[in-house]
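The listed protein sequences derive, respectively, from chains F and U. Quick note on the numbering used here: the first sequence kicks off at 2 and runs consecutively. Quick note on the numbering used here: the second sequence kicks off at 535 and runs consecutively. Every residue gets a Cβ at the ideal spot worked out from N, C-alpha and C, and that includes glycine. So the structure is just underneath, and the comments pick up after that.
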Amino acid sequence: MSFAIPKESYNGRVLALDFGKGGKALMIGGETALPFLAFEGEVPNKPVIAYEIQDSAPDDWPDTLKEIYKDVSGGPVTWAKHCQDKLGAKAIALRLMSTHPDRENRSAADAAKTVKDVLSVINVPLIILGSNNIEKDASVLVAAAEAASGHNCIIGKAQEGNYKTIVAAALAHNHKLIAMSELDINLAKQLNILITQMGFDKSRLVTDPMCSALGYGLEYTYSVMERIRLAGLAQNDATMQPPILGDIGIYVWKTKETTAEESDVPGWGSLKERGIAWEAVSATAMLTAGSNLLIMRHPDAVEAVEKTINELC
Amino acid sequence: MALSGIEIFKLLPKTNCKKCGFPTCLAFAMKLAQGGVEISACPDVSEEAKKNLGEASAPAIRTFSLGAGDNAVKMGGEGVLFRHDKKFYNPCALALNIKDSLSGDEIAAKASEVNSSEMDRVGQKLRIDAISIEYASNDPAKYEAAVKLAAEKAPGAALILNCGDPAAAGAAAKVVAGRKPLLYCATEANADAMAAIAKENGLPLAIKADGLEALSALSEKVQKLGVENIVLDSGAKSAKEILENNTQIRRSALKKKFKPLGYPIINFASRGDSMLETSIAAVAIAKYASIVVMNHIEQWKNLALFTLRQNIYTDPQVPMQVKQNIYEISGPSADSPLMITTNFSLTYFIVSGEIENSKVPSWLAVMDCEGLSVLTAWAAGKFIASKIAAFIQESGVGDKVSKKELIIPGQVAILSGALEDKLEGWKITVGPREANALPTYLKSR
Numbered sequence: 002m003s004f005a006i007p008k009e010s011y012n013g014r015v016l017a018l019d020f021g022k023g024g025k026a027l028m029i030g031g032e033t034a035l036p037f038l039a040f041e042g043e044v045p046n047k048p049v050i051a052y053e054i055q056d057s058a059p060d061d062w063p064d065t066l067k068e069i070y071k072d073v074s075g076g077p078v079t080w081a082k083h084c085q086d087k088l089g090a091k092a093i094a095l096r097l098m099s100t101h102p103d104r105e106n107r108s109a110a111d112a113a114k115t116v117k118d119v120l121s122v123i124n125v126p127l128i129i130l131g132s133n134n135i136e137k138d139a140s141v142l143v144a145a146a147e148a149a150s151g152h153n154c155i156i157g158k159a160q161e162g163n164y165k166t167i168v169a170a171a172l173a174h175n176h177k178l179i180a181m182s183e184l185d186i187n188l189a190k191q192l193n194i195l196i197t198q199m200g201f202d203k204s205r206l207v208t209d210p211m212c213s214a215l216g217y218g219l220e221y222t223y224s225v226m227e228r229i230r231l232a233g234l235a236q237n238d239a240t241m242q243p244p245i246l247g248d249i250g251i252y253v254w255k256t257k258e259t260t261a262e263e264s265d266v267p268g269w270g271s272l273k274e275r276g277i278a279w280e281a282v283s284a285t286a287m288l289t290a291g292s293n294l295l296i297m298r299h300p301d302a303v304e305a306v307e308k309t310i311n312e313l314c
Numbered sequence: 535m536a537l538s539g540i541e542i543f544k545l546l547p548k549t550n551c552k553k554c555g556f557p558t559c560l561a562f563a564m565k566l567a568q569g570g571v572e573i574s575a576c577p578d579v580s581e582e583a584k585k586n587l588g589e590a591s592a593p594a595i596r597t598f599s600l601g602a603g604d605n606a607v608k609m610g611g612e613g614v615l616f617r618h619d620k621k622f623y624n625p626c627a628l629a630l631n632i633k634d635s636l637s638g639d640e641i642a643a644k645a646s647e648v649n650s651s652e653m654d655r656v657g658q659k660l661r662i663d664a665i666s667i668e669y670a671s672n673d674p675a676k677y678e679a680a681v682k683l684a685a686e687k688a689p690g691a692a693l694i695l696n697c698g699d700p701a702a703a704g705a706a707a708k709v710v711a712g713r714k715p716l717l718y719c720a721t722e723a724n725a726d727a728m729a730a731i732a733k734e735n736g737l738p739l740a741i742k743a744d745g746l747e748a749l750s751a752l753s754e755k756v757q758k759l760g761v762e763n764i765v766l767d768s769g770a771k772s773a774k775e776i777l778e779n780n781t782q783i784r785r786s787a788l789k790k791k792f793k794p795l796g797y798p799i800i801n802f803a804s805r806g807d808s809m810l811e812t813s814i815a816a817v818a819i820a821k822y823a824s825i826v827v828m829n830h831i832e833q834w835k836n837l838a839l840f841t842l843r844q845n846i847y848t849d850p851q852v853p854m855q856v857k858q859n860i861y862e863i864s865g866p867s868a869d870s871p872l873m874i875t876t877n878f879s880l881t882y883f884i885v886s887g888e889i890e891n892s893k894v895p896s897w898l899a900v901m902d903c904e905g906l907s908v909l910t911a912w913a914a915g916k917f918i919a920s921k922i923a924a925f926i927q928e929s930g931v932g933d934k935v936s937k938k939e940l941i942i943p944g945q946v947a948i949l950s951g952a953l954e955d956k957l958e959g960w961k962i963t964v965g966p967r968e969a970n971a972l973p974t975y976l977k978s979r
């Protein structure tokens, strides 16, 4: 018996998507193989990691993480510049947390101004995220999309309860769009169908099947991502071919493992490294499951995962 | 090629004698086809049928243990490429590499680190399972002493004799033969001598070659030399090689029934930088390694990798559950609020996480609803007023809180009236519909 490389060939292809403009624009997706398996297909684009920033002070971030950004997190403009210029961010994800009714409840007009201000100081691509309040996001993201017109951003997240207005805004201002559903491949498929039925091209979509952190349901996200990828490639299901987003930082940095003091959990080791490792391992798992785009928070975790991506590609 | 239940049934005595523990031969055959029982459970099956079945029902990836005793790690036996297709059965072993060229104190310290690496996570005891002792000194006497020392300081750990010199490996193997160490490794150059040591001491043997074609040839050679328990090293170093080679090995074994690669895989994730090593090890854990060897095992890293291993090897068809209990969050007192939810682990993790985020000390009553989420459990009649009332009364939580007030999930607001009738003396309050509204809700109370 002699060995023959067991290749799978697929009819489907992950849709390639570009975002940003000019020399710093990025391309994700486009592969015709399972994650990183270049021996059996094309893997033309590396996954991208975007640094997450917020438009309000990161009071709910753990101290070890806040400390990293303490000199720049007073405002999204300095924060964004820091990530781009000092940390070498390839992309930035601006989360408009201050618009949440339970936070500062700032207006859509305020959010639009924030977006404009941030765009004026960066040249890397921008991802614009709402505060994950269904009603408020509908107005905030519409205003943000208009403010970012011409910048080819990724905006989101459009969900079942608010997608119509957000899709219309992304369409009108030529942005890419994140469609998010909750940990269910059928819901992800259904939302992508609903959005494309509005005339929004599927090649402009990013699928977010909802993330979960290591130890807190990561295996659900992992398997939903793998199933989406297999549906898109092996079954050539066109509605399951957009690139996949892993919005992982926000879930990682509220777990006990990233926040508990060493004195409270003897045996868990250094809090600083524990947090970084939690984010790096969560992100690595998302990559092996099929994520094309990750949103992360800690520079050291980003660095480790980028090195892994470079080894994988 | 695995046989179907009906094909197996044809080979059985068809007496329905029940001696195997199943009501009928057909039921036994079905279980055999799933791999959940051994053919030897049937006392009356013919030798010929046993042989046919044994070959047909042998797992595509050979199953055996790394190490001996209570902490031996079962390897191989996997049946799928994706965990959602069924499940991954045997969680991979994690190992620390120690060079024999270190001082005795350093070796003892590292082995002790392995020995004390055990942690408890959601009820499972997890640990660094093995030590790889690397022959870096080029001095057989030093190697033997190092192996002996590491074995002594970590009495529960499995051992990997990371030594390609047959003379040094053979001498060390004799010293710790009772621990069933893995010999690492046979190459094209030393295969005969290493295979002889493995056979003589009854040990598993790792083989290493560059590329899977050479590895397959070496596997057949070693197998013909009489070694049954083989571990594969494809020479993968980069994350890309680990992912691609492991995938090709697993696919060859499962989809092509290619015997030479039907064995567990060992990967070296070793990097100078421990954080990068953590991420590389994560790739190996997710994608088919049975042994992952590392250079560093800090507690923070172990916790993350143990958890990933646990997540990946969780049975996707069984809802993960947490124990029914009254959980204390942030050190509650008699005046702290009391909330209730169901025992689906995702529900528990999200609710308890949000309560922790609120920094408001609280009691969280988690009720056994067979791992269903709140709405599903309500719809299934498991999270209803009479059962909640019985649970709260039996739990004795009423004695822990000064004010008898129970906060129920907003999704089941409809229960509040019935619950007030059933739980005499208690005030029922409807909380937020979604867990992410809990911090605001708790802070504003």
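Item: Measure the alpha-carbon distance for Ile50 (chain F) versus Ser892 (chain U) and round it to whole angstroms.; Value: 29 Å
Item: Do Leu192 (chain F) and Val225 (chain F) have their beta-carbon atoms positioned less than 8 Å apart in this structure?; Value: no
Item: Taking 8 Å as the threshold (beta carbon to beta carbon), is Ile846 (chain U) in contact with chain F?; Value: yes
Item: Between which two residues does the beta strand (DSSP E) carrying Cys719 (chain U) extend?; Value: Leu716 to Ala720
Item: What does a CB cutoff of less than 7 Å around His618 (chain U) pick up in its chain, not counting 5 residues either side in sequence?; Value: Pro850
Item: Within the same chain, show all residues whose beta-carbon is closer than 7 Å to that of Val817 (chain U), passing over the 5 residues directly before and after it, in chain order.; Value: Ala773, Ile776 and Leu777
Item: Just to confirm the assignment, what range does the beta strand (DSSP E) spanning Arg521 (chain U) have?; Value: Only positions 535 to 979 of chain U appear in this structure, which leaves residue 521 (chain U) out of reach.
Item: For the putative contact between Asn175 (chain F) and Asn153 (chain F), defined by C-beta atoms under 8 Å, what is the C-beta separation to the nearest angstrom?; Value: 7 Å
Item: Specify the secondary structure class of Gln855 (chain U) as computed by DSSP and reduced to three states.; Value: strand
Item: Here's the rule: buried if 16 or more other CB atoms are within 10 angstroms of the residue's CB, otherwise exposed. What is Glu307 (chain F)?; Value: buried
Item: Determine the closest residue to Glu263 (chain F) out of U:Trp834, U:Lys789, U:Leu766 and U:Ile819, with distance taken between C-alpha atoms.; Value: U:Trp834
Item: Compute the Euclidean distance between the alpha carbons of Met535 (chain U) and Gln568 (chain U), then round it to the nearest angstrom.; Value: With a pLDDT of only 47 at Met535 (chain U), under the threshold of 50, the placement of this residue in the model should not be trusted; the figure read from the coordinates follows. Cα to Cα, Met535 (chain U) sits roughly 13 Å from Gln568 (chain U).
Item: Identify the residues that DSSP records as bridge partners of Phe802 (chain U): which are they?; Value: U:Val827
Item: Whole angstroms is fine: what's the gap from Asp209 (chain F)'s alpha carbon to Gly247 (chain F)'s?; Value: 7 Å
Item: Here's the rule: buried if 16 or more other CB atoms are within 10 angstroms of the residue's CB, otherwise exposed. What is Ala914 (chain U)?; Value: exposed
Item: Start and end of the alpha helix (DSSP H) containing Cys788 (chain U)?; Value: The question names Cys, but residue 788 (chain U) is Leu in the sequence shown. Residues Ala773 to Lys789.
Item: Within the continuous beta strand (DSSP E) that includes Gln658 (chain U), where are the two ends?; Value: Gln658 to Leu660
Item: What distance in whole Å lies between the Cβ atoms of Ser651 (chain U) and Asn696 (chain U), which are believed to be in contact at a cut-off of 8 Å?; Value: Not really, about 19 Å apart at Cβ, beyond 8 Å.
Item: Taking DSSP as the reference, what is the three-state secondary structure of Glu904 (chain U)?; Value: coil
Item: Residues of chain F with a CB under 8 Å from the CB of Asn649 (chain U): which are they?; Value: Those within 8 Å of Asn649 (chain U) in chain F number zero; the least Cβ separation is about 14 Å.
Item: Apply the 10 Å Cβ neighbour rule to Ala302 (chain F) and answer buried if 16 or more other Cβ atoms are within range, or exposed otherwise.; Value: buried
Item: What whole-angstrom Cβ distance do Arg967 (chain U) and Thr841 (chain U) have, given they're in contact under 8 Å?; Value: About 29 Å; that fails the 8 Å criterion.
Item: At a CB distance below 8 Å, what residues from the segment 95-112 of chain F approach chain U? Give them in sequence order.; Value: Asp103
Item: For the 8 Å Cβ check, are there 3 or more pairs between the segment 41-59 of chain F and the segment 7-23 of chain F?; Value: yes
Item: Is the CB-CB distance between Gly905 (chain U) and Gln855 (chain U) below 8 Å?; Value: yes
Item: Does the beta-carbon distance from Ala235 (chain F) to Tyr11 (chain F) come in below 8 Å?; Value: yes
Item: Report yes if the C-beta distance between Ile941 (chain U) and Leu872 (chain U) is below 8 Å; otherwise report no.; Value: yes
Item: Counting only the same chain and skipping the five closest in sequence on each side, list residues whose C-beta sits under 7 Å from that of Ile962 (chain U).; Value: Leu940, Ile942, Ser950, Leu953 and Glu954
Item: Would you call the CB atoms of Ala145 (chain F) and Leu120 (chain F) closer than 8 Å?; Value: no
Item: Is Leu752 (chain U) helix, strand or coil by DSSP?; Value: helix
Item: So, is the C-beta of Lys835 (chain U) closer than 8 Å to a C-beta in chain F?; Value: yes
Item: Residue range of the alpha helix (DSSP H) that Ser813 (chain U) falls in?; Value: Ser808 to Ala820
Item: Which whole-angstrom value describes the C-beta separation of Ala608 (chain U) and Thr597 (chain U), a residue pair presumed to lie in contact below a C-beta threshold of 8 Å?; Value: It should be noted that the sequence gives Lys, not Ala, for residue 608 (chain U). About 7 Å separates the two Cβ atoms, so the contact holds.
Item: I'd like to know if Val980 (chain U) contacts chain F, where contact means its C-beta is closer than 8 Å to some C-beta of that chain.; Value: Outside the displayed span of chain U (535 to 979) sits residue 980 (chain U), for which this structure offers no information.
Item: For a cutoff of 8 Å on Cβ pairs, would you count Ile277 (chain F) as touching chain U?; Value: yes
Item: Counting only beta-carbon separations shorter than 8 Å, does Glu968 (chain U) have a partner in chain F?; Value: no
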